[in-house]
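Participant: Take 1 as the starting number for the sequence shown in the UniProt record's numbering and just add one per residue.
Just so you know, even glycine gets a beta-carbon here, dropped at the ideal spot from N, CA and C.
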Amino acid sequence: MSSTSLLHLISSEMNDMGGAERRVAEFVRSKPSDVINMNMAAIAEASKVSDPTIVRFFRRFGFDGFYEFKMRLAQDLVPSAPFAYEAIQSDDTAAEVVRKTCHNSINAVQRALQDFNIEEIEKATQALADARWIGVVATGMSEIAALDAEHKFGRLGLRCAAVIRTSRQLALARDARKGDTLLIFSQSGATRRLVDVSREAHSKGAVTIAVTAPDSPLATVSTQCIGIKPYERMEAMTPLASRLNHQLLVNMLVSTISIAKGSEFPDQLPALDSWVTEKL
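1) Counting only the same chain and skipping the five closest in sequence on each side, list residues whose C-beta sits under 8 Å from that of L244.
2) Find out if the Cβ-Cβ distance for the pair S216, A190 is shorter than 7 Å.
3) Would you kindly check if the distance between the Cβ of Q247 and the Cβ of K123 is under 7 Å?
4) Report the three-state DSSP secondary structure of M237 (helix, strand or coil).
5) Please go through the UniProt domain "SIS" (124-263) and give each complete beta strand (DSSP E) segment of 3 or more residues, from N-terminal end onward.
6) Can you tell me whether L253 is buried or exposed? The criterion is at least 16 other CB atoms within 10 Å of its CB, across all chains shown.
7) Give a yes or no on whether the C-beta atoms belonging to T53 and A131 are separated by under 7 Å.
8) Excluding five sequence neighbours on each side, which residues of the same chain lie with their C-beta closer than 7 Å to the C-beta of residue 284?
9) Applying the 10 Å Cβ sphere with the 16-neighbour rule, what's the burial state of L77?
10) Roughly how many angstroms lie between the CA atoms of D64 and F58, to the nearest whole one?
11) Enumerate in chain order the residues of its own chain whose CB-to-CB distance from P32 is below 8 Å, with the five nearest sequence positions on each side excluded.
12) Given that a residue counts as buried once 16 or more other Cβ atoms are within 10 Å of its Cβ, and exposed if not, what is T212?
13) Got a sec, what are the start and stop residues for the alpha helix (DSSP H) G19 sits in?
14) Kindly list the residues whose CB is nearer than 7 Å to the CB of Q89, restricted to its own chain and excluding five residues on each side of it in sequence; keep chain order.
15) What is the C-beta distance between V197 and V137, in whole angstroms, given that I count them as a contact (C-beta under 8 Å)?
16) For R165 and A173, what's the separation of their Cα atoms in angstroms?
17) When you compare the CB positions of V250 and L218, do they come within less than 7 Å of one another, or not?
18) So, at 6 Å on beta carbons, what are the nonlocal neighbours of I36 in its own chain, with the 5 sequence-adjacent residues on each side left out?
19) Would DSSP call N107 helix, strand or coil?
20) Roughly how many whole angstroms lie between the Cα atoms of G19 and N117?
21) Enumerate in chain order the residues of its own chain whose CB-to-CB distance from E150 is below 7 Å, with the five nearest sequence positions on each side excluded.
22) Spatial neighbours of L183 within its chain, please: CB distance less than 6 Å, with the 5 preceding and 5 following residues excluded, ordered by chain position.
23) From which residue to which residue does the alpha helix (DSSP H) around F57 run?
24) Please classify T93 as buried or exposed, where buried requires at least 16 other C-beta atoms within 10 Å of its C-beta.
25) Return helix, strand or coil for A41, following the three-state DSSP convention.
26) Out of V98, S47, I144 and L128, which has the shortest C-alpha to C-alpha gap to F185?
27) By the three-class DSSP mapping on this structure, what secondary structure does I10 have?
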């Protein structure tokens with residue numbers, strides 16, 4: 001379970017719950033801040049269920065004890081720390097540039113760990129693993145992630161191509177069909193061309209996976225979305241944070257696809273024949 005997904009997981013499981021457990025779920029969802037300060041008997045009374053129902057409820061989500069469940073819920077309610085960007089100044093020394101760059105990179109990775117939704121990554125993994133062909137679409141600084149994905153997916157034996165040029169992206173969308181999957185990288189999710197590509201490809205039966213800001217236009221028109229929240233002070237943070245997070249995601253998808261395909265070493269990609277060179 002991801003570090004931020006308990007309330008989301010409760011919501012997703014509600015349709016499979018019986019009436020008593022559903023009442024507990026509805027109470028927890030509506031008053032999570034109260035729940036972390038209540039004992040089991042109080043929650044049972046408020047939900048109009050028995051104590052054993054509360055036990056079944058938290059065990060459904062993998063918790064051995066009620067205290068463990070409440071601690072996890074409390075963690076979900078703690079606001080994420082802001083992305084503290086340290087701007088590099090014209091009078092900074094080399095040592096300060098190194099420190100700030102590393103500090104900003106660490107913060108970007110930490111925020112990614114908080115923001116990534118594991119269920120979204122699992123759905124994307126399945127769609128990519130099942131795809132007849134994968135097109136990786138991006139523009140601007142996100143093109144680096146697209147090329148990285150093309151290279152690594154290819155080493156997994158997947159039929160894949162990075163589609164960078166505008167004319168090729170539009171042609172790809174027009175020719176898309178069922179069995180194709182498009183992985184679309186966009187920091188803002190507001191680039192008109194990428195929105196048009198996703199909408200058109202989706203209408204032809206292709207699966208479109210947007211790696212972008214949640215609730216953005218691109219996220220709305222795509223089949224699936226792996227949400228990466230935009231940062232404040234976009235002009236300062238975006239080049240660093242987006243590149244890092246996009247490439248982190250590529251590595252995550254490569255490893256999860258490898259696991260899905262039964263690889264014994266999912267973090268070790270097979271070398272391409274063209275890489276076999278004479279070494280000194």
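Facilitator: So, to answer that:
1) S105, A108, V109 and A112
2) yes
3) no
4) The predicted model places M237 with a pLDDT of 48, which falls under 50 and marks its position as unreliable; any figure quoted below should be read in that light. In the structure shown, M237 sits in a helix (DSSP, three-state: H, G or I).
5) 133-137, 160-163, 180-185, 207-212 and 224-227
6) buried
7) no
8) Outside the shown range of the chain (1 to 280) lies residue 284, about which nothing can therefore be said.
9) exposed
10) 8 Å
11) L7, L73, D76 and L77
12) buried
13) G19 to S30
14) none
15) 6 Å
16) 13 Å
17) no
18) K70, L73 and A74
19) helix
20) 28 Å
21) V136, C160, A161 and A162
22) V136 and I209
23) D51 to R60
24) exposed
25) helix
26) I144
27) helix
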